[in-house]
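What follows is a short report on a single structure.
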Amino acid sequence: MAFKLATWNINSVRLRAGLVEDFLNSHQPDILCLQEIKCMNDQFPAKVFRKLGYEHQAVHGQKGYHGVATVSKRPIHEYHSTDYCLMGDTRHLCTRFELGGRPVDLHNFYVPAGGDEPDPAINPKFDHKLKFIEEMKGLKSNRDGVPGLLVGDLNIAPLESDVWSHKQLLKIVSHTPVETDGLKDVMAKGEWVDVVRRHFPEDQVLYSWWSYRAKDWKASNRGRRLDHVWSHAELADHLSNVEIFED
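Under this note's numbering, the first residue of the sequence shown is numbered 500, with each subsequent residue one higher.
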């Protein structure tokens, strides 16, 4: 059974509803996971998605900040969220749907960016990020016999080939060793498979985010792979293709 899943840090779903509509019309994913929707649940443009066939929606919003949403053409049987670090941030949403006649849990994450200074002693945002990653280490890819998928903006580029310059970014938030080691530990302890790297060799340079500060981001090509798709091993072999859209 064909199945298409997309994930996108939209950075305000209301401001970019038109872009989302164009993407859905062009690519027709079965499920779309959005991060940084930046609106309360009742402000989410639900009608836009319903008009396009995404009648099943789970939204975990927050005024002006953060927020995650999952919209689907397939029925969502149940959903819940976890308040990592007990900060009250809306950064996680788990939806359950059926794939091939069996339940699957889909985790949609927006991990804290962590600010600019990679020192938890002086930067509360970085401290929050590290604690968030620590708590994620308890998330298993199979929960009570239900295999899982995990997608979202994890705000960490774990491999040397996931950044434009490993050497220059070692002290830059998103690629510091404490972050990359932490994310790899989340993957190992939860028995998650990096689906993207199943389709792109680990030594192949690969980005999903480019600095908005660059005058010409395509020309400078200073990117990082901050957005991820993971799965339980049982599902990994059935996920046959991965694409990263730059426009």
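C-beta: ideal position from N, C-alpha, C; glycine also.
- DSSP places residue 515 in no beta strand (DSSP E); its state is neither H nor E.
- In the DSSP assignment, residue 697 falls within the unbroken alpha helix (DSSP H) covering 694 to 698.
- The continuous alpha helix (DSSP H) containing residue 625 extends over residues 623 to 635.
- Restricting attention to 595, 586, 683, the CA atom closest to the CA of residue 626 is found in 586.
- With distances taken between CA atoms, residue 532 lies nearest to 648 out of 739, 663, 648.
- Taking a C-beta distance under 8 angstroms as the contact criterion, residue 654 and residue 620 do not qualify as a contact pair.
- For residue 618, the secondary structure class from DSSP, reduced to helix, strand or coil, is coil.
- For residue 607, the three-state secondary structure derived from DSSP is strand.
- Each residue's CA atom was taken as its position, placing residue 661 and residue 679 some 11 angstroms apart.
- In this structure, the straight-line span from the alpha carbon of residue 522 to that of residue 551 is close to 11 angstroms.
- Assignment of beta strand (DSSP E) within the stretch 558 to 596, counting only whole runs of 3 or more residues, yields 567 to 571, 577 to 579 in chain order.
- Residue 533: member of the beta strand (DSSP E) spanning 530 to 534, first to last residue.
- Annotated three-state conformation of residue 549 is helix, per DSSP.
- According to the DSSP assignment, residue 681 belongs to no beta strand (DSSP E) but to the alpha helix (DSSP H) extending over 676 to 689.
- Here residue 527 carries a coil assignment [DSSP, helix/strand/coil].
- Residue 654 carries a coil assignment under DSSP once its states are collapsed to helix, strand and coil.
- Per DSSP, residue 505 is one residue of the beta strand (DSSP E) stretching across 504 to 508.
- Residue 720 is classed as exposed because its beta carbon has fewer than 16 other beta carbons within 10 Å across all chains shown.
- The DSSP-derived three-state label of residue 725 is coil.
- Scanning 689, 561, 555, 562 for the CA closest to the CA of residue 632 turns up 689.
- DSSP lists 641 as the beta-bridge partner residues of residue 646.
- The shortest CA-to-CA distance from residue 589 to any of 722, 574, 608, 696 is the one to 608.
- Cβ contact annotation for residue 559 (same chain, cutoff 8 angstroms, sequence separation greater than five): 540, 566, 567, 568, 580, 589, 591, 592, in chain order.
- For residue 666, the enclosing alpha helix (DSSP H) begins and ends at 665 to 668.
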